[in-house]
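*Asks:*
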Amino acid sequence: MTHPAQPTASHFINGQYVEDTNGTPIPVIYAATGETIATVYAATPAIVDQALASAKAAQKAWAKMTGTERGRILRRAADMIRDRNQELSVLETYDTGKPLQETLVADATSGADALEYFGGLAGSLTGEHIPMGDDWVYTIREALGVCVGIGAWNYPTQIACWKAAPALACGNSMVFKPSETTPLCALKVAEILVEAGLPAGLYNVIQGMGEVGGALVTDPRVDKVSLTGSVPTGKKVYAAAAAEMKHVTMELGGKSPMIVFEDADIDNAVGGAINGNFYSSGQVCSNGTRVFVHSSIKEKFLARLAERVQGAVLGDPQDEATNFGPMVSENQMNIVLGYIEKGKAEGARLICGGDRVDLPGYFIAPTVFADVKDDMVIAREEIFGPVMAVLDFEDEDEVIARANDTEFGLSAGVFTKDLSRGHRVISALEAGSCFINSYNDAPVEAPFGGVKASGVGRENSKEALNHYSQVKSVYVRMGDCEAAF
Ligand code: NDP
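In this note's numbering, the protein residues as written are 156 to 640.
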């Protein structure tokens, strides 16, 4: 690949690009063609050590700056990202295969939103004054220290920024490891932060597989780990962090329910189901992949859905007319095709799609199964691809119980014109990020994260600040300090 935004080395440490070709080579494969467009090298132990040492060395002075000074740098980085949105979006498309039509509006821009939002909040981080008669207690909101971020491959720029922005706003430093599948975009975030004035060492990016992530998580210099990934990886990383009593944020997978009641506006519900299953070719953690439709409107819903799925334009993701891209990798494509075969074998009714598409790259047609039963594998396991399972239901209590019958709890959506039912049902659903008459909106102002196996902690919103800081309380006595003897 020759692209103006292409990173110039594998790692970004202490304010500059660093190369170390002794690490295992990781080919960067463009999902739309299968071509290798770049090669990065996994971090060697020496690179892991350099990154952590620079993060450790830089953090204390950063935390001593005023929040307003820190925030100014983050907001400058946000402006720079917006100015370069076009080239960053093209790079995101090369990294992930997602169509440019999407990346232009959803990736660098949402990273910029996070930097702007947390940059704005950085100056407002304060403690409390708690009167105790003549005495008082005051609290100080302190940085945690060195944070590790580990990313999934579906939103490489967004994940890098969603972790960097609140961490840096609170006065922490970070070492970020992107997924080996999408190593490029986080390097650009690091480069831009430094260009915006971030002192060297505060945001480092190193490459590698799970092994490098594991080395970061267990290092004694690390105070917090924030992972975006699958539930099995989350359980491993959470356990490793707990052994050293480190703070964690776990943003993990889901199998979220979207419930369409009989009074719903069918076109809006179909739109929600499309957003919640086919955006980013279904590679979104919060997707509403179990679509429960009231049996009285099921066939109408399916007919309209099948009609609208015809609007998917598959093809070159760099062409802005394309609105549906390939799977991120051959491996992910094979996983998803395996689930589609399971769905067919289990007797679900295939409404559309169901196959690989005859195009270069790793394309799977948007796939809808109807008459899905709760115990089918396609209704229980996270597929992370464009596979929608439509299930029928008869009444509210029944659908709530079935929607909650899962280990996951990331998201949930309800479509109904009856707003009291909308609120009642949402309040009964076990999920962290919910929607009424919409699906998958994730503005930086709203807390994002899951319950049950889908995660711990929240990203975005003021909530995220609590997960990147800790509170010190100080009792101040004005009188004598009395003692028993
Ligand atoms: P994985 O869980 O496979 O990997 C996530 C990251 O963790 C990768 O960078 C991976 O490295 C790294 N990793 C793997 N093993 C370890 C380990 N033992 N110690 C430390 N780090 C490790 O997820 P995917 O990349 O496949 O992403 C898809 C998953 O992410 C889906 O389940 C999805 O639901 C979830 N996700 C959740 C989101 C949320 O906010 N809730 C958002 C987006 C995705 P490498 O892969 O390079 O080996």
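Beta carbons: idealized from backbone N, C-alpha and C, even for Gly.
Please name the residue in L276, D175, T163 and G604 whose C-alpha comes closest to that of I192.
*Replies:* As a first step, residue 192 must be located in the sequence shown, where it is residue number 37. Minimum Cα distance to I192 is reached at T163.
*Asks:* Determine whether the Cβ of I495 lies closer than 9 Å to any Cβ atom of chain D.
*Replies:* The structure shown contains no chain D; it is built from a single protein chain.
*Asks:* Go through the region 569-608 residue by residue and report every complete run of the beta strand (DSSP E) that reaches 3 residues or more, in order.
*Replies:* Counting only runs of 3 or more, we get 588-591.
*Asks:* Runs of 3 residues minimum, wholly inside the region 224-307: which ones carry the beta strand (DSSP E) assignment?
*Replies:* Counting whole runs of 3 or more residues, the region 224-307 contains the beta strand (DSSP E) stretches 284-287, 290-298 and 301-305.
*Asks:* To the nearest angstrom, report how far apart D211 and K390 are at their CA atoms.
*Replies:* Counted from its first residue, the sequence shown places residue 211 at position 56. Counted from its first residue, the sequence shown places residue 390 at position 235. It should be pointed out that residue 211 corresponds to Lys in this sequence rather than to Asp. Rounded to the nearest angstrom, the two C-alpha atoms are 26 Å apart.
*Asks:* Go ahead and pull the three-state DSSP assignment for A638.
*Replies:* Taking the first residue of the sequence shown as 1, we reach residue 638 at position 483. If DSSP states are grouped into helix, strand and coil, A638 belongs with coil.
*Asks:* Please indicate yes or no: does the CB of Y310 lie closer than 8 Å to some heavy atom of the ligand NDP?
*Replies:* Here residue 310 refers to the residue found at position 155 when the sequence shown is read from its first residue. Yes, since a heavy atom of the ligand NDP falls inside the 8 Å radius drawn around the Cβ of Y310.
*Asks:* Are the Cβ atoms of A619 and S265 separated by less than 9 Å?
*Replies:* Here residue 619 refers to the residue found at position 464 of the sequence shown. Here residue 265 refers to the residue found at position 110 of the sequence shown. Contact flag unset, no.
*Asks:* DSSP state of I314, grouped into three classes?
*Replies:* Mapped onto the sequence shown, residue 314 falls at position 159. Note: I314 maps to helix in three-state DSSP.
*Asks:* Could you check how far apart the C-beta atoms of E411 and A567 are, in whole angstroms? I think they sit under 8 Å.
*Replies:* In the sequence shown, residue 411 corresponds to position 256, counting from 1. In the sequence shown, residue 567 corresponds to position 412, counting from 1. First, the amino acid is wrong: residue 411 is Ser here, not Glu. That pair is a contact at about 6 Å.
*Asks:* Would you check if there are 3 or more beta carbon pairs closer than 8 Å linking the region 584-596 to the region 334-351?
*Replies:* The region 584-596 vs the region 334-351: no contact.
*Asks:* Would the beta-carbon of T522 fall within 9 Å of that of M543?
*Replies:* As a working note, residue 522 is residue 367 in the sequence shown. As a working note, residue 543 is residue 388 in the sequence shown. Yes, these two residues count as a Cβ contact at 9 Å.
*Asks:* The ligand NDP and C316: does the residue's C-beta get closer than 8 Å to at least one heavy atom of that ligand?
*Replies:* Within the sequence shown, numbered from 1, the residue matching residue 316 stands at position 161. It does not: the Cβ of C316 is nowhere closer than 8 Å to a heavy atom of the ligand NDP.
*Asks:* May I ask which residues mark the beginning and end of the alpha helix (DSSP H) holding M488?
*Replies:* Residue mapping note: residue 488 aligns to position 333 of the sequence shown, counting from 1. Run containing M488: E485 to A500, per the alpha helix (DSSP H) assignment.
*Asks:* Put N430 into one of helix, strand or coil per three-state DSSP.
*Replies:* In the sequence shown, residue 430 corresponds to position 275, counting from 1. If DSSP states are grouped into helix, strand and coil, N430 belongs with the helices.
*Asks:* Measuring CB to CB, does D560 end up less than 9 Å from D529?
*Replies:* Numbered from its first residue, the sequence shown carries residue 560 at position 405. Numbered from its first residue, the sequence shown carries residue 529 at position 374. Cβ atoms of D560 and D529: closer than 9 Å.
*Asks:* In terms of residue numbering, what span does the beta strand (DSSP E) encompassing V403 cover?
*Replies:* Position 248 of the sequence shown, counting from 1, holds the residue named residue 403. Per DSSP, V403 belongs to the beta strand (DSSP E) from H402 to E406.
*Asks:* Let me check understanding here. Comparing Cα to Cα, which of L565, Y630, F539 and D374 lies closest to Q205?
*Replies:* By one-based count along the sequence shown, residue 205 stands at place 50. Closest option to Q205, Cα to Cα, is D374.
*Asks:* Using only CA atoms, which one of V360, I555 and A500 lies nearest to Y172?
*Replies:* Position 17 of the sequence shown, counted from the start, is the residue given in the question as residue 172. Cα-wise, what sits closest to Y172 is V360.
*Asks:* Determine the extent of the beta strand (DSSP E) in which P515 is found, giving its start and end residues.
*Replies:* As a first step, residue 515 is located in the sequence shown; it is residue number 360 there, counting from the start. Taken as a continuous stretch (DSSP letters only), P515 belongs to no beta strand (DSSP E), as it is neither H nor E.
*Asks:* Would the beta-carbon of E454 be found less than 8 Å away from any heavy atom of the ligand NDP?
*Replies:* For the purposes of this step, residue 454 is taken as residue 299 along the sequence shown, with counting starting at 1. No.
*Asks:* In whole angstroms, give me the CA-to-CA distance for S435 and H284.
*Replies:* One-based indexing of the sequence shown puts residue 435 at position 280. One-based indexing of the sequence shown puts residue 284 at position 129. So the two alpha carbons sit approximately 47 Å from each other.
*Asks:* With a threshold of 8 Å (Cβ to nearest heavy atom), would T383 be considered close to the ligand NDP?
*Replies:* Here residue 383 is taken as the residue at index 228 of the sequence shown, counted from 1. Yes, the Cβ of T383 comes within 8 Å of a heavy atom of the ligand NDP.
*Asks:* Roughly how many angstroms lie between the CA atoms of I591 and C507, to the nearest whole one?
*Replies:* Your numbering for residue 591 matches position 436 in the sequence shown. Your numbering for residue 507 matches position 352 in the sequence shown. Using only the alpha carbons, I get a separation of about 27 Å.
*Asks:* Whole angstroms is fine: what's the gap from G516's alpha carbon to Y185's?
*Replies:* If you number the sequence shown from 1, residue 516 lands on position 361. If you number the sequence shown from 1, residue 185 lands on position 30. Their Cα atoms are separated by approximately 8 Å.
*Asks:* For A307, verify whether its CB is less than 8 Å away from any heavy atom of the ligand NDP.
*Replies:* Here the question's residue 307 lines up with position 152 in the sequence shown. True, at least one ligand heavy atom lies under 8 Å from that Cβ.
*Asks:* What are the start and end residues of each continuous alpha helix (DSSP H) run of 4 or more residues lying completely inside the region 529-564, in chain order?
*Replies:* Within the region 529-564, the complete alpha helix (DSSP H) runs of at least 4 residues are 532-535 and 551-559.
*Asks:* Does the Cβ-Cβ distance between A218 and N327 come in under 9 Å?
*Replies:* Taking the first residue of the sequence shown as position 1, residue 218 is located at position 63. Taking the first residue of the sequence shown as position 1, residue 327 is located at position 172. Yes, Cβ-Cβ distance for A218 and N327 is below 9 Å.
*Asks:* Does DSSP put Q214 in a helix, a strand or coil?
*Replies:* The count along the sequence shown starts at 1 and reaches residue 214 at position 59. Note: Q214 maps to helix in three-state DSSP.
*Asks:* Please confirm whether V446 and V415 have their CB atoms less than 9 Å apart.
*Replies:* Along the sequence shown, read from residue 1 onward, the residue named residue 446 stands at position 291. Along the sequence shown, read from residue 1 onward, the residue named residue 415 stands at position 260. Against a cut-off of 9 Å, the Cβ pair of V415 and V446 comes out as a contact.
*Asks:* Would you call the region 296-303 and the region 625-635 in contact, with 3 or more CB pairs under 8 Å?
*Replies:* Touching, per the Cβ criterion.
*Asks:* Beta strand (DSSP E) containing I452: first to last residue?
*Replies:* Against the sequence shown, residue 452 aligns to sequence position 297. Premise fails: I452 is in no beta strand (DSSP E) and is neither H nor E.
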